[in-house]
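Numbering (the numbering used here), first residue to last: -17 to 219.
Below you can see the structure in the form of structure tokens.
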């Protein structure tokens, strides 16, 4: 007979493995032409697919997941999944060359996934950089100023859609990382302490999910006491 801890962990793994959302259908175009062989990656689950010869693709996702589409010579595009029935992505030409993304099937830590995402999508940190838009111009060898200089690329990053989208994707990567850290530490302990399974467990996790700041600084004992306090609270009617 399996020990209660091992059984709870196995049930939790099975539950989380099934919560992959539904399959979405989409179309990739550029200048009214269907685009084949476009990589569509769900950065929230680190799964990916490709568009077929008709520019169509199919991918599993959940509301709140972020998709990024990548094709050589095109600007990467991002999309936040809501509850739409059909996804349409319009790509735009770019001189930037991007290599195909390969998903590692080996389970990775949240920190490794976050570092890999930042490396894979390093362009978003370039496109999203709006620091030092204006800089002082000095006479060489003196402390006398000539005026100010404007960095056109940084100005475009600050005001343009590409820079806005890049900064939004940066925030999404950080949010996904923080959620992964919470899931990795909180969910197994919640399964063990509560003894709940299936929907009852998922409801408890959803209703009592702690903040990232708490998880980042808490010990396993702190998390255990947090769960016990939640269990002792009167249930909402």
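Beta carbons: idealized from backbone N, C-alpha and C, even for Gly.
I'd like to know whether the C-beta atoms of residue i and residue j end up nearer to each other than 8 Å.
i, j, result
"residue 17", "residue 37", "yes"
"residue 71", "residue 8", "yes"
"residue 41", "residue 24", "yes"
"residue 75", "residue 59", "no"
"residue 187", "residue 169", "yes"
"residue 209", "residue 148", "no"
"residue 57", "residue 39", "no"
"residue 212", "residue 190", "yes"
"residue 247", "residue 22", "Missing from the structure shown is residue 247; the chain here goes from -17 to 219 and no further."
"residue 69", "residue 28", "no"
"residue 12", "residue 73", "yes"
Are there 16 or more other CB atoms within 10 angstroms of the CB of residue i, so buried, or fewer, so exposed?
i, result
"residue 45", "exposed"
"residue 233", "With the chain covering only -17 through 219, there is no way to say anything about residue 233."
"residue 196", "exposed"
"residue 97", "exposed"
Can you name, in chain order, every residue of its own chain whose Cβ lies under 7 Å from the Cβ of residue i, other than the five neighbours on each side?
i, result
"residue 157", "none"
"residue 160", "194"
"residue 15", "none"
"residue 205", "167, 168 and 171"
"residue 178", "186"
"residue 164", "191, 192, 194 and 197"
"residue 182", "none"
"residue 202", "171"
Ignore the nearest five residues each way along the sequence and tell me which others in residue i's own chain have a CB closer than 6 Å to its CB.
i, result
"residue 162", "92"
"residue 47", "24, 26 and 63"
"residue 154", "48"
"residue 43", "3, 6, 24 and 63"
"residue 143", "none"
"residue 35", "18"
"residue 100", "none"
Can you give me the start and stop residues for the beta strand (DSSP E) that residue i sits inside?
i, result
"residue 68", "68 to 72"
"residue 48", "48 to 52"
"residue 37", "Residue 37 -> no beta strand (DSSP E), and no H or E assigned at all."
"residue 32", "29 to 32"
"residue 21", "21 to 24"
"residue 4", "4 to 12"
"residue 55", "Unbroken run through residue 55: none, as it is neither H nor E."
"residue 59", "59 to 62"
Shorter than 7 Å, the distance from the beta carbon of residue i to the closest heavy atom of the ligand GDP, or not?
i, result
"residue 158", "The model on display carries no ligand, and the ligand GDP is accordingly not part of it."
Grab me the residues of residue i's own chain with a C-beta within less than 8 Å of its C-beta, minus the 5 sequence neighbours each way, in chain order.
i, result
"residue 214", "none"
field: Length at least 4, wholly inside the segment 137 to 208: the alpha helix (DSSP H) runs in chain order
entry: Runs of the alpha helix (DSSP H) inside the segment 137 to 208: 143 to 176, 180 to 189 and 194 to 199.
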